[in-house]
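Student: Numbering (this note's numbering), first residue to last: 1 to 720.
Got a structure for you, questions after.
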């Protein structure tokens, strides 16, 4: 399997042949099913925009390899959850159509065609552009066949010392049934022949996930896929046998949890049980080497209980997610220029002593934006100071996803050990983080933290911290509301915003929310927060209706929404109605968008764009030009996307940002994204995405870095 091809890196611009509009313009009826785009296909469109970054010659080569890895891992999760769900529906005989009018079976066919198309494009980008481009720069992704004798001697020694002892070949014969193939494991399918009896056998060799995906040659910049090194030494595993064939393959299984929470006496135990079951989920995808002989392919399909429709061929290495390993290379010339998040000006410690975080918040609300501003010196420092402050009586926090070495969790444990009242809402059902959250939950409980695991039928997805402090004027509440997880690692690459406030009403609302989450409160009333599944949907619809009223009264009406996904049919229909009433609607949707913009008689005043680049756009910002009265804008930030699951099946919060200075910060963010002409894509009425003409004037991520630095420098200049 030779990796390089005779195709120069960067032969085509990033959008060429990738995201061009379709030739046929659909007829979109204002009252028909074509009001909506398909959710699954829209997600694949998002992953195609990720692939466009891998194809972009202006992106540094190791970053392009990283985007190939992200594209591959995104597909893994898509199959484990979304495709698995569609297959379950088909198996159950369900034929109910989605808002765009497709049955589960029709969606599976469309998804299969689209994935096949995108996978071919990935191979073209990786093998035809990224591999030769890296080779030109001295980073060589080689194959065993391309190595000289000296290189092979090195790898023979590496195999004997570090690889061979870990391998376990599993044969298939009457005494050895077909082995279980674990989810997302890389394997070799091997056929051997006994030279004495001429009997042929099949065997499976698992490529150990505990070893690096690529074996590095002594020069440190040449890599050989691990499965190729193993394949070259199969005679050591099957001594005395003739190796006939060997091909790489990989299985993807249904990995979604199916909890029967109403029947679970202990949610922690129920999640642990489902995690064990996940390992044995039904196979939903089989990836194979394109050269695999038919008899092995048929055997795998039969034993794994998949059909030919579930088989996806790969010409290059199976599982490009392993390309993340290349990020460890010390080649700054092939990577993005490093960015060190700045400390917000108001959180810079004074020269004469430590920072008083609570004093800063008392002086006024504070908005922060990651990764431009430091998560460590803002969110983590807030909780660290709360842990150590003798005046702090209680700390309450919701934890959805945390990093493995989370300073926040460690500080919560210290706070409990110091006698403070600490409550943590740990969401055990955070997909693919369930095991880590179980571990953290137990550590917190052992330290005396009051741990609640969630609510029946609802995921706790809100990102909130409440600190109660005893002060001369009485108890005061301090709060943080975020759009992203309390995870210091992802905060370096996920774009998110957060609000620190000592506002009494917001603090009281947050206390009510925690009482609802930890106790048995019903009919909870909130003064200013919008909380799902109770008041968020109705609150948003009311805000949209307010813009319609303003437009019908002849005033200026506008809605700007920034989110990860827009799926909810009722919200989409409300935005269609707003457009028809004369409201200007700007939507910034990173991922799934089921709304069709720019359709005459339906959505003429709606524009949809997506920004995909170095950082993952993750913040949710909702702005209504007349939300607080005529020409008095209302701006909300929070954890919720516009999806049925967020509005109806999760606990989410949207918090109003009323301080004029902080509102101005959010306006600045939205205006920057809407002006982007480097990273932005525009959604067309026919459902295709087109790259915004590259004027090169505004790159959202670079511009926001510059603005963060500028704010810090102004503060330093203003210091006496």
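Using N, Cα and C, we set each Cβ at its ideal position, and we do this for glycine too.
Predicted, not measured: the structure shown is a model, and the values here were computed from it.
Throw me the rounded Cβ distance for the residue 633 and residue 623 pair, which I believe falls under 8 Å.
Tutor: The pair is a contact, with the Cβ atoms about 6 Å apart (cut-off 8 Å).
Student: Would residue 75 pass as a contact of residue 38 if the rule is Cβ separation under 9 Å?
Tutor: Contact: no.
Student: On the three-state DSSP scale, how would you describe residue 292?
Tutor: If DSSP states are grouped into helix, strand and coil, residue 292 belongs with coil.
Student: Grab me the residues of residue 700's own chain with a C-beta within less than 6 Å of its C-beta, minus the 5 sequence neighbours each way, in chain order.
Tutor: Within the same chain, residue 700 has close Cβ partners 611, 672, 673, 676 and 679.
Student: Would you list the residues sitting across from residue 421 in a DSSP beta bridge?
Tutor: Answer by DSSP bridge pairing, in chain order: 394.
Student: Quick one: Cα of residue 711 to Cα of residue 482, how far?
Tutor: Those two C-alpha atoms are separated by around 21 Å.
Student: State buried or exposed for residue 377, treating a residue as buried only when at least 16 other CB atoms are found within 10 Å of its CB.
Tutor: By the neighbour-count rule (16 or more Cβ atoms within 10 Å), residue 377 is buried.
Student: Using the C-alpha atoms, what's the distance from residue 621 back to residue 468?
Tutor: Rounded to whole angstroms, residue 468 to residue 621 spans 27 Å at the Cα level.
Student: Between the C-alpha atoms of residue 244 and residue 192, what's the straight-line distance to the nearest angstrom?
Tutor: Going from the Cα of residue 244 to the Cα of residue 192 covers about 5 Å.
Student: Would residue 420 and residue 387 qualify as a contact pair, given that the criterion is a beta-carbon distance under 9 Å?
Tutor: Yes, these two residues count as a Cβ contact at 9 Å.
Student: Are there 16 or more other CB atoms within 10 angstroms of the CB of residue 713, so buried, or fewer, so exposed?
Tutor: Exposed, because fewer than 16 other Cβ atoms sit within 10 Å of the Cβ of residue 713.
Student: Does the separation of the CB atoms of residue 227 and residue 203 fall below 9 Å?
Tutor: In this structure, residue 203 does not lie closer than 9 Å to residue 227 by Cβ.
Student: Rounded to whole angstroms, what's the CA-CA distance from residue 153 to residue 144? Just pull it up for me.
Tutor: Rounded to the nearest angstrom, the two C-alpha atoms are 11 Å apart.
Student: With the cut-off set at 9 Å, would you say residue 627 and residue 547 are in Cβ contact?
Tutor: Contact flag set, yes.
Student: What does a CB cutoff of less than 8 Å around residue 373 pick up in its chain, not counting 5 residues either side in sequence?
Tutor: These residues qualify, in order along the chain: 341, 342, 343, 344 and 708.
Student: Any beta carbon of chain D sitting closer than 9 Å to that of residue 67?
Tutor: Looking at the structure shown, chain D is missing, and only one protein chain is on hand.
Student: Would you kindly work out how many angstroms separate the C-alpha atoms of residue 68 and residue 600, rounded to a whole number?
Tutor: Their Cα atoms are separated by approximately 38 Å.
Student: For the candidate residues 389, 663, 49 and 652, whose alpha-carbon lies nearest to that of residue 122?
Tutor: For the residues 389, 663, 49 and 652, the minimum Cα distance to residue 122 belongs to 49.
Student: Is it right to say residue 104 is buried, meaning 16 or more other beta carbons lie within 10 angstroms of its own, or is it exposed?
Tutor: Buried is the call here.
Student: Run the CB neighbour count on residue 182, radius 10 Å, all protein chains shown included, and call it buried at 16 or more, exposed below.
Tutor: Exposed, because fewer than 16 other Cβ atoms sit within 10 Å of the Cβ of residue 182.
Student: Rounded to the nearest angstrom, what separates residue 704 and residue 698 at their Cα positions?
Tutor: Taking the straight line from one Cα to the other gives about 10 Å.
Student: Can you look up residue 161 in the DSSP assignment and give me helix, strand or coil?
Tutor: It is helical.
Student: Would a C-beta distance cut-off of 9 Å place residue 313 and residue 289 closer than the cut-off?
Tutor: Cβ atoms of residue 313 and residue 289: closer than 9 Å.
Student: Grouping DSSP H, G and I as helix and E and B as strand, with all else coil, what is residue 307?
Tutor: Residue 307 falls in the coil class under three-state DSSP.
Student: Could you check whether the segment 57 to 71 touches the segment 320 to 338, counting it as contact only if at least three pairs of C-beta atoms, one from each stretch, sit closer than 8 Å?
Tutor: The segment 57 to 71 vs the segment 320 to 338: in contact.
Student: Whole angstroms are fine: how far does the CA of residue 251 sit from the CA of residue 301?
Tutor: Looking at the two C-alpha atoms, the distance is approximately 10 Å.
Student: Determine the burial state of residue 97: buried for a count of at least 16 other Cβ atoms within 10 Å of its Cβ, exposed for fewer.
Tutor: Counting Cβ neighbours within 10 Å, residue 97 comes out exposed, since fewer than 16 surround it.
Student: What is the residue span of the beta strand (DSSP E) that residue 247 lies within?
Tutor: That run of the beta strand (DSSP E) goes 241 to 253.
Student: With DSSP collapsed to three states, give me the class of residue 342.
Tutor: Reduced to three states, the DSSP call for residue 342 is strand.
Student: If we call anything under 9 Å between Cβ atoms a contact, is residue 256 one with residue 85?
Tutor: Cβ atoms of residue 256 and residue 85: closer than 9 Å.
Student: Is residue 479 helix, strand or coil when you go by DSSP?
Tutor: In this structure, residue 479 counts as strand in the three-state DSSP scheme.
Student: Could you check whether residue 385 and residue 355 sit closer than 9 Å to each other, using their CB atoms as the reference points?
Tutor: The answer is yes: Cβ separation under 9 Å.
Student: Could you check the C-alpha separation between residue 506 and residue 528 for me, to the nearest Å?
Tutor: Residue 506 and residue 528: Cα-Cα distance of roughly 7 Å.
Student: Can you give me the Cβ contacts of residue 439 inside the same chain, cut-off strictly under 6 Å, excluding the 5 residues immediately before and after it?
Tutor: Excluding positions up to five away in sequence, the list is empty.
Student: Residue 572 and residue 566 look like a contact to me (Cβ under 8 Å); what is the Cβ gap, rounded to whole Å?
Tutor: Sure, about 7 Å apart at Cβ, within 8 Å.
Student: Quick one: is residue 196 buried, meaning 16 or more other Cβ sit within 10 Å of its Cβ, or exposed?
Tutor: Exposed, because fewer than 16 other Cβ atoms sit within 10 Å of the Cβ of residue 196.
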